[in-house]
Amino acid sequence: MKKKLCPQCKIHRFRVKNERGDSVVVVVNEQHEVIPIHPEESLEGFDLTVLYCLGCSWKGSPKALL
Numbered sequence: 016m017k018k019k020l021c022p023q024c025k026i027h028r029f030r031v032k033n034e035r036g037d038s039v040v041v042v043v044n045e046q047h048e049v050i051p052i053h054p055e056e057s058l059e060g061f062d063l064t065v066l067y068c069l070g071c072s073w074k075g076s077p078k079a080l081l
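Numbering (the working numbering), first residue to last: 16 to 81.
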């Protein structure tokens with residue numbers, strides 16, 4: 016699976032948050048699908064429209080990734 020990259024620092028890991036502020040580390044595939052790095056983790060209740068880069072201060076949509 017080819018992973019999408021941060022447009023600012025070019026790493027491939029991000030986090031998504033829910034309303035309580037919990038976060039899950041994710042990657043994004045070529046079809047812009049958000050996938051948890053640990054398959055047993057659920058993304059239910061998390062906002063998948065905003066990604067937070069783990070390598071820099073970038074945040075944005077999965078569609079904005081390289």
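Using N, Cα and C, we set each Cβ at its ideal position, and we do this for glycine too.
Note down, in chain order, each residue of its chain lying with its Cβ closer than 8 Å to the Cβ of residue i, except the 5 sequence neighbours on either side.
{"i": "Leu58", "result": "Val31, Val39, Val41, Val49, Pro51"}
{"i": "Val65", "result": "Val31, Lys32, Lys74, Gly75, Ser76"}
{"i": "Gly80", "result": "Sequence inspection shows Leu at residue 80; the Gly mentioned does not correspond to that position. Closer than 8 Å at the Cβ level, and outside the excluded window around Leu80, lie Lys19, Leu20, Cys21, Pro22, Val43, His47, Leu66."}
Going along the chain, which residues of its own chain have a beta-carbon closer than 6 Å to the beta-carbon of residue i, five neighbours each way excluded?
{"i": "Gly70", "result": "Cys24, Ile26"}
Ends of the beta strand (DSSP E) at residue i?
{"i": "Arg30", "result": "29–32"}
{"i": "Ser38", "result": "38–43"}
DSSP beta-bridge partners for residue i?
{"i": "Lys74", "result": "Tyr67"}
{"i": "Ile50", "result": "Val42"}
{"i": "Lys18", "result": "Asn44"}
Between which residues of its own chain and residue i is the CB-CB distance below 7 Å, once the five residues before and five after are set aside?
{"i": "Met16", "result": "Asn44"}
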